[in-house]
Amino acid sequence: MKTREFILISALLVLVASGLLAAYQMHFGTVIPIEPYESAVGNPWRLLVALYVFLVLIGTGAIASAGEILGIKELEPIIKEAILISIVTISVGLITIAVDLERIERAGNALLGYANPMSVMYWMIIFYVLELLFLILEGWFYFRADLLKQSEKRGFKAFISKLLSLKFLGGFFSKQNRDLDMSFAKSIGFLALITAILAYSNLGALFSASYIPLWNDASNPVYFVLTAITAGSAVLIFSTIITSWTTGKSDERKMKAVFLLGKLLLYSLFASSIFILWRTVIIGYPAVSYLASYSVNNLIFGKFALNFWFLEIFVGIIAPILAIIAGRKNLDALFVASFLSLVGIFAFRFDFVYAGQTSKQISGMSVTPPVHPLEAIFAVGAISLALLLYYILYKLLPMEVEHES
Numbered sequence: 007m008k009t010r011e012f013i014l015i016s017a018l019l020v021l022v023a024s025g026l027l028a029a030y031q032m033h034f035g036t037v038i039p040i041e042p043y044e045s046a047v048g049n050p051w052r053l054l055v056a057l058y059v060f061l062v063l064i065g066t067g068a069i070a071s072a073g074e075i076l077g078i079k080e081l082e083p084i085i086k087e088a089i090l091i092s093i094v095t096i097s098v099g100l101i102t103i104a105v106d107l108e109r110i111e112r113a114g115n116a117l118l119g120y121a122n123p124m125s126v127m128y129w130m131i132i133f134y135v136l137e138l139l140f141l142i143l144e145g146w147f148y149f150r151a152d153l154l155k156q157s158e159k160r161g162f163k164a165f166i167s168k169l170l171s172l173k174f175l176g177g178f179f180s181k182q183n184r185d186l187d188m189s190f191a192k193s194i195g196f197l198a199l200i201t202a203i204l205a206y207s208n209l210g211a212l213f214s215a216s217y218i219p220l221w222n223d224a225s226n227p228v229y230f231v232l233t234a235i236t237a238g239s240a241v242l243i244f245s246t247i248i249t250s251w252t253t254g255k256s257d258e259r260k261m262k263a264v265f266l267l268g269k270l271l272l273y274s275l276f277a278s279s280i281f282i283l284w285r286t287v288i289i290g291y292p293a294v295s296y297l298a299s300y301s302v303n304n305l306i307f308g309k310f311a312l313n314f315w316f317l318e319i320f321v322g323i324i325a326p327i328l329a330i331i332a333g334r335k336n337l338d339a340l341f342v343a344s345f346l347s348l349v350g351i352f353a354f355r356f357d358f359v360y361a362g363q364t365s366k367q368i369s370g371m372s373v374t375p376p377v378h379p380l381e382a383i384f385a386v387g388a389i390s391l392a393l394l395l396y397y398i399l400y401k402l403l404p405m406e407v408e409h410e411s
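Using the working numbering, the first residue of the sequence shown is number 7, and each one after it goes up by one.
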């Protein structure tokens, strides 16, 4: 293991451990007391909800599945990365919302024993669990031939490949049939894409609550799908370039995929800017209602104005668009644009969750309750966990095995 890898893993482990300790302190400790989220006076949905929305709306899995289904050859070199990132971010996102909700041991009973098909939140969980299962199956078939090839070598990676490929079961599992595997992967990818769109749009519908003016918008489901594609494109560009730099390997095919994703990111950013303008007008127009106008004014002129104009609009949209247009086919420009886009998207998730709840505050209360220190520590730990899991999977799985002609 290289020195920089050792330092990276050590730092991530420390941050993950800090996040676990923060989660424990939130619910059982007394170092810095925190009220139960859903019963606290003030904003019941806080940083962990915003982080959950950010993580589960990173649509790399949808991009991978769409690339397979539509036969977009330029995206083939990064499909493995896209599937892995989606599996990791959804898993960590579900862990995050579990910590926020508490008593997760009751989830099975709630979903099966007292299922409520009329609940939007019920279907949100169902769709995300289904998407996660379909992504795992799609990834298994996509990786299977390369896992079998890697299992023929020696060492720990070969052992892991034998386990993951189920080669030890013999029969079908021990024989390579790439064409059949790709056929299965494509079919399951179609199901993964459908459930991903349902999950993203359903999450948007969950926030379209009529009693919260800033969220009460019929376009939320469509906008959430759009921002998921934006975030997915940005994460894939960012991760592919970072991986190329850290490993010292430059794959020309992956770089072509990055440039294609840059175009997708550019178009989705343009579409996002139109959506933001339209949503601001139709929700904040004074004739709509006093509370709706108040919510939008608080977002764009009040205590959230700096977040909105600087982080969401300038950092998240204007700067990335200018970087992509000015840089054209420059990897450094795409890297900067993808990073800035992710910062802006996270700011949007944060503002959307927080600012949406301000119109129902009791008179005299602060409309911007500070983020609890334990929430912030856990959020950093959760993101570190996602990075660590992706790093481990990338190192163990056959990411660089060439496809047979």
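Cβ atoms here follow ideal geometry from the backbone N, Cα and C, with glycine treated the same way. Predicted, not measured: the structure shown is a model, and the values here were computed from it.
- Look at the beta carbons and you see the stretch 79 to 90 touching the stretch 230 to 246: at least three pairs across the two are nearer than 8 Å.
- In this structure the stretch 230 to 245 lies against the stretch 62 to 69, because at least three pairs of beta carbons, one per stretch, are closer than 8 Å.
- Per DSSP, the continuous alpha helix (DSSP H) segment holding residue 343 begins and ends at 337 to 362.
- Across the structure, residue 129 and residue 135 are spaced so that their CA atoms are roughly 10 Å apart.
- Where residue 31 is concerned, the enclosing alpha helix (DSSP H) starts and stops at 9 to 33.
- Here residue 282 is actually not in contact with residue 302; their C-beta atoms are around 11 Å apart, not less than 8 Å.
- Using a 10 angstroms sphere on the CB of residue 185, the tally of other CB atoms stays under 16, which defines it as exposed.
- Contact between residue 89 and residue 144 holds: their C-beta atoms lie close to 6 Å from each other, under 8 Å.
- Taking C-alpha positions only, residue 263 is separated from residue 387 by approximately 30 Å.
- The DSSP-derived three-state label of residue 77 is coil.
- Residue range 184 to 212 is occupied by the alpha helix (DSSP H) that includes residue 204.
- Distances from the CA of residue 338 to each of 170, 268, 73 were compared; the closest alpha carbon is that of 268.
- Residue 197 and residue 92 have their C-alpha atoms roughly 15 Å apart.
- Ranking 118, 174, 261, 162 by CA distance to the CA of residue 399 puts 162 first.
- Excluding sequence positions up to five before and after residue 140, its CB lies within less than 7 Å of the CB of 194, 197, 198, 201, all in the same chain and listed in chain order.
- In the structure shown, residue 329 falls within a helical segment according to DSSP collapsed to helix, strand and coil.
- The count of Cβ pairs closer than 8 Å, one atom from the stretch 111 to 122 and one from the stretch 167 to 185, stays below three, leaving the stretches out of contact.
- In the DSSP assignment, residue 178 falls outside any alpha helix (DSSP H), carrying neither H nor E.
- DSSP places residue 308 in the coil class of the three-state scheme, outside both helix and strand.
- DSSP places residue 226 inside the alpha helix (DSSP H), whose first and last residues are 226 to 253.
- Here residue 285 carries a helix assignment [DSSP, helix/strand/coil].
- In the three-state reduction of the DSSP assignment, residue 222 falls in the coil class, being assigned neither a helical nor a strand state.
- DSSP, reduced to helix, strand and coil, places residue 146 within a helical segment of the structure shown.
- Between residue 157 and residue 181, the gap from beta carbon to beta carbon reaches 8 Å or more.
- Under the criterion of beta carbons closer than 8 Å, residue 205 and residue 133 qualify as touching, at roughly 4 Å.
- Of the candidates 151, 259, 191, the residue whose Cα lies closest to the Cα of residue 179 is 151.
- Under a 10 Å Cβ-count criterion, residue 329 is classified as buried, with 16 or more other Cβ atoms of the shown protein chains found around its own Cβ.
- With fewer than 16 other CB atoms across the displayed protein chains lying within 10 angstroms of its CB, residue 379 is exposed.
- Under the three-state reduction of DSSP output, residue 90 falls in the helix class.
- Going by DSSP, residue 168 is part of the alpha helix (DSSP H) stretching over 162 to 171.
- The continuous alpha helix (DSSP H) containing residue 54 extends over residues 53 to 62.
- Just measuring C-alpha positions, the residue of 406, 250, 256, 324 sitting nearest residue 276 is 324.
- The continuous alpha helix (DSSP H) containing residue 379 extends over residues 379 to 402.
- Taking the Cβ atoms as the reference, residue 312 lies roughly 44 Å from residue 149, outside the contact range of under 8 Å.
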